[in-house]
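Asks: If you scroll down you'll find the structure; I have some questions about it.
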Amino acid sequence: MLESSLVVPFVILTSLTIYHADVRAFSTSPSPASSSLRSRIVIAGGGPCGLALAHFLVRRGFNITVIESRGDPRGEPLGPRQYSLGLNIRARTTLSGPNNGSVWDAIKDQGVESDRFFVHLGTRIKLNIRQKRSGAPPSLLISRGLLCSALLDTLQKFVADGRLKLMFAKRIDKVDLANRRVILRGSDGEEHSTVPYDFLAGCDGVRSAVRASLVEAWPQHMKEDVEILGGEGRVMHVPWPAALEPSAIHAMASFSAGFGLFIIPGPHNTCCTLVSWSEERPPALANATSPQEVQRIIADAFPQFGKAPLSACEQFLNQERLISGIVRCDSYWDNGEGRVIIMGDAAHSTGGRLGQGANSAFSDAAAFDQAVSQCDGNLRKAAELYSERQTKEGRALLDLLLLPPPGLLNGFMYGLEQLGRGVLSSLALPVDPPLQTLLSQTLVPFSEIRRRNAFWIAKQRPKQKKQRTGLLRTNA
Ligand SMILES: Cc1cc2nc3c(=O)[nH]c(=O)nc-3n(C[C@H](O)[C@H](O)[C@H](O)COP(=O)(O)OP(=O)(O)OC[C@H]3O[C@@H](n4cnc5c(N)ncnc54)[C@H](O)[C@@H]3O)c2cc1C
């Protein structure tokens, strides 16, 4: 369904408010004992989560090795991996602690702040659907590539004494848990080497090799459900369309053309456009064979978007499919051993829905850092504490994916309630704002937001059970 292909983009980027909370920032609390500092900590995956964790741990004085299967993102040409993300108050709070504001500042310099979100209905009507809460900072829209580049730059600036080792183009094949080493493949897929660890953090995304190794070793403790999402999403980087209001997100769908656009402002008058459609009903665009055809089909469907440059259309044609998926995991550590944890998309991916993936990945990294501090640098205890806290948050976030509830009547009543909340909270009455505002403009923990929505989530239960038995189980 086209509608479902658009649900992702429509809900992804609604970021930002202030509340109380459990979101932790870089802290200045004491560093662990020197025996822990000698531990070899390996971080699998140099995405947003792995690099944020590296920041936290290196600042505590640990020796860190980051292993990333792709190349260094800095200077990489624009491509599908540089899709834009919306970072909200959760990421902002986590990455700008008392002595680390520079990390957030470096990230901020690479993105665009925005607090407007237009949904276009045809070519004439557009609605601004973002409810702005007073005191809430705007969302920061930034490409994943630039986010990782900024995290890498600040990391290398901060660590001058060789405590950080970055290994690019090395894929972790599996983890040898008994001998505490990760087994690598080179980018040619052939070469094998190993890296020993005392402590391993799996930040290697939806198809985590670290999670797969844990599930294989302890199937009774580590249970995972992985669902790779269907639908096509391709990314185009183009100059900002002159007909669209600048510095705002724009979402539009054409039912006759069978695809939708989600246009996110980028730096220097550019934008990142996510073009999406349903797998069941591929549009003519999916079968286009020349850049001219891509350009014509998109411009005919969306005159406001206009003609994309042929170079961008060419890139569109040659693009690999973006793989996103839902990951649900019962535990985020190796149950008792205290040598391995998982976090970010490796532990709980929402497949880009709800716009909280990167935001919650940063919260995981900060939660582990805080656990290290609370456990006086004892990594085993910290792993346990981290898993106990963050599995609740991860599960709650995944439960919120079940909204709106199924059925016409439930869906209507839920929509009405959300609308009512929007109106009443904008009048400063003591009522919760709508769900998306709570998620992206406040620091209310996901578990608390889940609790407040328990009534609606319960309506999804039977369907959820049915869906979960059908989930694809994978060790990929
Ligand atoms: C289209 C789209 C839009 C999104 N929009 C938003 C948004 O607006 N807001 C938001 O917060 N989130 C959003 N998300 C989700 C967000 O991108 C992810 O949640 C976030 O990137 C998770 O970070 P991560 O570091 O845990 O995982 P990843 O970003 O997946 O990074 C994992 C890293 O590990 C590497 N890796 C994988 N396997 C191995 C291996 N075997 N060995 C070594 N390295 C490996 C990968 O190359 C990658 O660099 C969106 C996602 C998509 C697809």
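Numbering (mature numbering (1 follows the signal peptide of the UniProt record, and there is no 0)) for the sequence shown: -25 to -1, 1 to 451.
Just so you know, even glycine gets a beta-carbon here, dropped at the ideal spot from N, CA and C.
Computed from a predicted model, the values in this text were never measured in an experiment.
1. Along the chain, where does the beta strand (DSSP E) containing residue 468 start, and where does it finish?
2. Apart from the five residues on each side of it in sequence, which residues of its chain come closer than 7 angstroms, Cβ to Cβ, to Ala192?
3. Does the structure place the region 200 to 215 close enough to the region 86 to 101 that three or more beta carbon pairs sit under 8 angstroms?
4. Measure how close the beta-carbons of Ala322 and Asp339 come, nearest whole angstrom, since I'm counting them as under 8 angstroms.
5. With respect to 8 angstroms, is the separation between the Cβ of Glu43 and the closest non-hydrogen atom of ligand 1 below this value?
6. In terms of DSSP beta bridges, what is Thr245 paired with?
7. Using 8 angstroms for Cβ pairs, my map puts Arg56 next to Gly120. What's the rounded Cβ distance?
8. Report the partner residues of Ala176 according to the DSSP bridge assignment.
9. Compute the beta-carbon to beta-carbon distance between Leu204 and Met197, rounded to the nearest angstrom, for a pair I have assumed lies under 8 angstroms.
10. Can the beta-carbon of Ala176 be found less than 9 angstroms from the beta-carbon of Phe343?
11. Thinking just about the alpha-carbon of each residue, which of Leu126, Ser348 and Gly21 is nearest to the one in Leu70?
12. Looking only at its chain, what residues have a beta carbon closer than 6 angstroms to the beta carbon of Ala336, apart from the 5 residues adjacent to it on each side?
13. Considering only the beta carbon of each residue, do Phe37 and Arg138 sit closer than 9 angstroms?
14. When the Cα atoms are used, what is the spatial distance from Pro48 to Cys123?
15. Would you say the beta carbon of Ser183 comes nearer than 8 angstroms to a heavy atom of ligand 1?
16. Residue range of the beta strand (DSSP E) that Lys434 falls in?
17. Taking C-beta to C-beta, are Arg355 and Gly313 nearer than 9 angstroms?
18. What do you get for Arg427, buried or exposed, if any count of 16 or more other CB atoms within 10 angstroms of its CB means buried?
19. With a threshold of 8 angstroms (Cβ to nearest heavy atom), would Gln106 be considered close to ligand 1?
20. Looking at C-alpha atoms only, which residue of Gly110, Ile298, Asp173 and Asp84 is the closest neighbour of Thr129?
21. Pull up the CB-CB distance for residue 453 and Leu297, whole angstroms please, since I reckon it's below 8 angstroms.
22. Do you know how far the Cα of Gln416 is from the Cα of Ile82?
23. Where does Glu43 land, buried or exposed, given buried means 16+ other C-beta within 10 angstroms?
Replies: Based on what the coordinates show:
1. Any property of residue 468 remains undetermined from this structure, which presents the chain solely from -25 to 451.
2. In the sequence shown, counting from the first residue as 1, residue 192 sits at position 217. Contacts found: Leu152.
3. In short, these stretches do not touch, since the Cβ pair count stays below three.
4. Locating residue 322 in the sequence shown gives position 347, where the first residue counts as 1. Locating residue 339 in the sequence shown gives position 364, where the first residue counts as 1. Indeed, because the Cβ distance is near 7 angstroms, the residues count as touching under 8 angstroms.
5. Translated into positions along the sequence shown, residue 43 becomes position 68. It does: the Cβ of Glu43 is within 8 angstroms (strictly closer) of some heavy atom of ligand 1.
6. Taking the sequence shown and counting its residues from 1, one reaches residue 245 at position 270. BP columns for Thr245 point to Pro214 and Gly241.
7. The sequence position of residue 56 within the sequence shown is 81, counting from 1. The sequence position of residue 120 within the sequence shown is 145, counting from 1. Confirmed, about 6 angstroms.
8. Counting from 1 along the sequence shown, the entry for residue 176 is found at position 201. Ala176 is bridged to Ile18 and Ile316.
9. Here residue 204 refers to the residue found at position 229 when the sequence shown is read from its first residue. Here residue 197 refers to the residue found at position 222 when the sequence shown is read from its first residue. Taking C-beta atoms under 8 angstroms as the contact rule, Leu204 and Met197 fail to qualify, at a distance of about 22 angstroms.
10. Taking the first residue of the sequence shown as 1, we reach residue 176 at position 201. Taking the first residue of the sequence shown as 1, we reach residue 343 at position 368. Going by beta carbons, Ala176 and Phe343 fall inside the 9 angstroms limit.
11. Sequence index remark: in the sequence shown, residue 70 carries index 95 (1-based). Residue Leu126 is the option with its Cα nearest to Leu70.
12. If you number the sequence shown from 1, residue 336 lands on position 361. The beta carbon of Ala336 is closer than 6 angstroms to those of Pro23, Cys24 and Gly319 in its chain, skipping five residues each way along the sequence.
13. Within the sequence shown, the letter at position 62 stands for residue 37. Within the sequence shown, the letter at position 163 stands for residue 138. Taking 9 angstroms as the cut-off, the Cβ atoms of Phe37 and Arg138 count as close.
14. Locating residue 48 in the sequence shown gives position 73, where the first residue counts as 1. Locating residue 123 in the sequence shown gives position 148, where the first residue counts as 1. Rounded to the nearest whole angstrom, the CA to CA distance from Pro48 to Cys123 is 7 angstroms.
15. To locate residue 183, count along the sequence shown from 1; it is residue 208. If you check the C-beta of Ser183 against ligand 1, you find a heavy atom less than 8 angstroms away.
16. Residue numbering aside, residue 434 sits at position 459 when the sequence shown is read from its first letter. Premise fails: Lys434 is in no beta strand (DSSP E) and is neither H nor E.
17. Here residue 355 refers to the residue found at position 380 when the sequence shown is read from its first residue. Here residue 313 refers to the residue found at position 338 when the sequence shown is read from its first residue. Taking 9 angstroms as the Cβ cut-off, Arg355 and Gly313 qualify as a contacting pair.
18. As a first step, residue 427 is located in the sequence shown; it is residue number 452 there, counting from the start. Note on Arg427: under 16 other CB atoms within 10 angstroms of its CB, so exposed under the neighbour-count rule.
19. Reading the sequence shown from its first residue, position 131 is the one you call residue 106. No, the beta carbon of Gln106 sits no closer than 8 angstroms to any heavy atom of ligand 1.
20. Numbered from 1 along the sequence shown, position 154 holds the residue referred to as residue 129. Distance check between Thr129 and each of Gly110, Ile298, Asp173 and Asp84 places Asp84 closest, using alpha-carbon atoms only.
21. Here the chain covers residues -25 to 451 and nothing more, so residue 453 does not appear.
22. Within the sequence shown, the letter at position 107 stands for residue 82. Within the sequence shown, the letter at position 441 stands for residue 416. Cα atoms of Ile82 and Gln416: separation of roughly 19 angstroms, rounded to the nearest angstrom.
23. On the sequence shown, residue 43 is found 68 positions in, with the first residue counted as 1. It counts as buried.
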